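In my numbering, the protein residues as written are 2 to 376. Below you'll find the structure, written out as structure tokens, and then a few comments.
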Ligand code: HBI
Ligand code: FE
């Protein structure tokens, strides 16, 4: 399949990045095994000897020809994350996520899933596929895949190289495949970059929904225009505040559909139950002007009425004239509340104003939330 996609990419060239976003560092970095982004080293020397080499990586499409064969330690990390986060879903994830999740659960439990098994469920439902990539891929390639109903998922799983001294100490002298994470949640449960757990557990269930499936494909199509108009950051905020961190108003309360939240146990609690963040009804024009947080919980979550309404607010809309009026960069801070907002909850912003992640008060804030909500 990866070969077909590569041929297809050459026949119908991937739209360029445009002058504004041409990044010489990205274009020139690395050769062969390292890959253009330098992440192939993740697959180069696997504990069980199964190696993904330069031939397994396509430089046009950024696709891996196959998933690596995962070690037992990696399957173990998946199971830890999977079990723990599955228990967070009931009453918190939206009904459409739960529906998609139920259909995919057979292919997702027991260890890191085979994309072929996921696609056997996903493709007949909405025409989407999951495809393997080594890491974050360039925006134009990412959008091109989305437009063609392929969701690029990182093939690696987090936690292979413990970063904190606490985790390192707990595992001193152990071979990589024997590193234990059970007692050291902090390193495993905080997400720095999209890995296979975030991409598959967080994103794929929503791709089972027809409206959401169309919404993301339309988003991919719109990406090219955003790049041409030099408004990629503004356009990216839409994805961020919907696909990654979106909330939805359901009949019996607020629920989550954003993959960034649903792959994080703490943000699942924070987004729904904390008094700190604002919760505001989604307005696409407002969101495109709003900055966002990349290394901590969001200061503001945007709420939609339905997936159908989300689809309507974006698909088929001509963003060209909108970009002409839109200033480059962001106008509103992450903590802003505007007269024109439809406010669901005006946040105290206490988490933010106490310094956020890593600060003692952030820790207390989360401990209180976990205790109040049984985790
Ligand atoms: N690549 N693999 C991967 N996953 C992403 O979520 C992703 C990406 N490249 C670019 C990108 N996201 C963002 O720039 C867009 O959402 C704007
Ligand atoms: Fe994501």
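Every residue, glycine too, gets a C-beta built ideally from N, C-alpha and C. As the structure is a prediction and not an experimental result, all values here were calculated from the model.
So, is residue 1 buried or exposed, given that buried needs 16 or more other C-beta atoms within 10 angstroms? In the structure displayed, the chain extends from 2 to 376; residue 1 sits before or after that span and is not available.
Nearest candidate by alpha-carbon position, reference residue 198, set 80, 137, 232, 6: 80
Per-residue burial, residue 372 [other beta carbons within 10 Å of its own, 16 or more giving buried]: exposed
For residue 106, which of helix, strand or coil comes out of DSSP? helix
Rounded separation between residue 132 and residue 349 - CA only: 41 Å
Is the closest heavy atom of the ligand FE to the C-beta of residue 309 under 7 Å? no
For residue 65, the residue or residues it bridges with in DSSP: 58
Within 10 Å of its beta-carbon, does residue 271 have 16 or more other beta-carbons around it, so buried, or fewer, so exposed? buried
Report all residues from its chain with a CB closer than 6 Å to the CB of residue 280; omit the five preceding and five following residues, and keep chain order. 302, 304, 345, 346
Could you give the first and the last residue of the continuous beta strand (DSSP E) run that contains residue 250? 248-251
Taking the alpha-carbon of residue 287 as reference, which of 253, 245, 339 has the nearest alpha-carbon? 339
How should residue 318 be labelled, buried or exposed, when 16 other C-beta atoms within 10 angstroms of its C-beta is the threshold for buried? exposed
Is the beta carbon of residue 309 sitting closer than 8 Å to the one on residue 212? yes
Taking just the CA atoms, how far does residue 70 sit from residue 109? 16 Å
Give the secondary structure of residue 15 by DSSP, where H, G and I count as helix, E and B as strand, and everything else as coil. coil
When every heavy atom of the ligand HBI is checked, does at least one fall within less than 7 Å of the C-beta of residue 246? no
Contact under 8 Å by Cβ, residue 294 with residue 335: yes
Can you tell me whether residue 296 is buried or exposed, with buried defined as 16 or more other CB within 10 angstroms of its CB? exposed
Between residue 132 and the ligand HBI, is there a pair consisting of the residue's CB and a ligand heavy atom that are separated by less than 7 Å? no
Count the other CB atoms within 10 Å of the CB of residue 326; is the residue buried (16 or more) or exposed (fewer)? exposed
One question on the structure: do residue 1 and residue 134 come within less than 8 Å of each other, judged by their Cβ atoms? This structure cannot speak to residue 1, because the chain is shown only from 2 to 376.
Looking only at C-alpha atoms, which of 284, 321, 292, 264 sits nearest to residue 306? 284
What residue range is occupied by the uninterrupted alpha helix (DSSP H) comprising residue 227? 211-229
Applying the criterion that 16 or more other CB atoms from any shown protein chain within 10 Å of the CB defines a buried residue, is residue 353 buried or exposed? buried
When the Cα of residue 90 is compared with those of 266, 136, 282, which residue comes out closest? 266
Residue 31 in three-state terms, based on DSSP: Because residue 31 sits at a pLDDT of 34, beneath the cut-off of 50, its placement in the model cannot be relied upon, and the point is left open.
Once DSSP output is grouped into helix, strand and coil, what is the label at residue 369? helix
According to the neighbour-count rule (16 or more other Cβ atoms, all chains shown, within 10 Å of its Cβ), is residue 75 buried or exposed? buried
Return the chain-ordered ranges of every alpha helix (DSSP H) run that is complete within the region 288-354 and spans a minimum of 4 residues. 308-315, 320-326, 351-354
How would you write the range of the beta strand (DSSP E) that residue 83 sits in, first residue to last? Looking at the DSSP string, residue 83 is not in any beta strand (DSSP E); the run it does join, the alpha helix (DSSP H), is 73-87.
Among the residues of its own chain, which have a CB less than 6 Å from the CB of residue 112, if the five just before and after it don't count? 76, 79
Straight-line CA distance for residue 24 to residue 139? Note that residue 24 scores a pLDDT of 34, beneath 50, so its modelled location is shaky; the value from the coordinates is reported in the next line. Cα to Cα, the separation comes out at about 10 Å.
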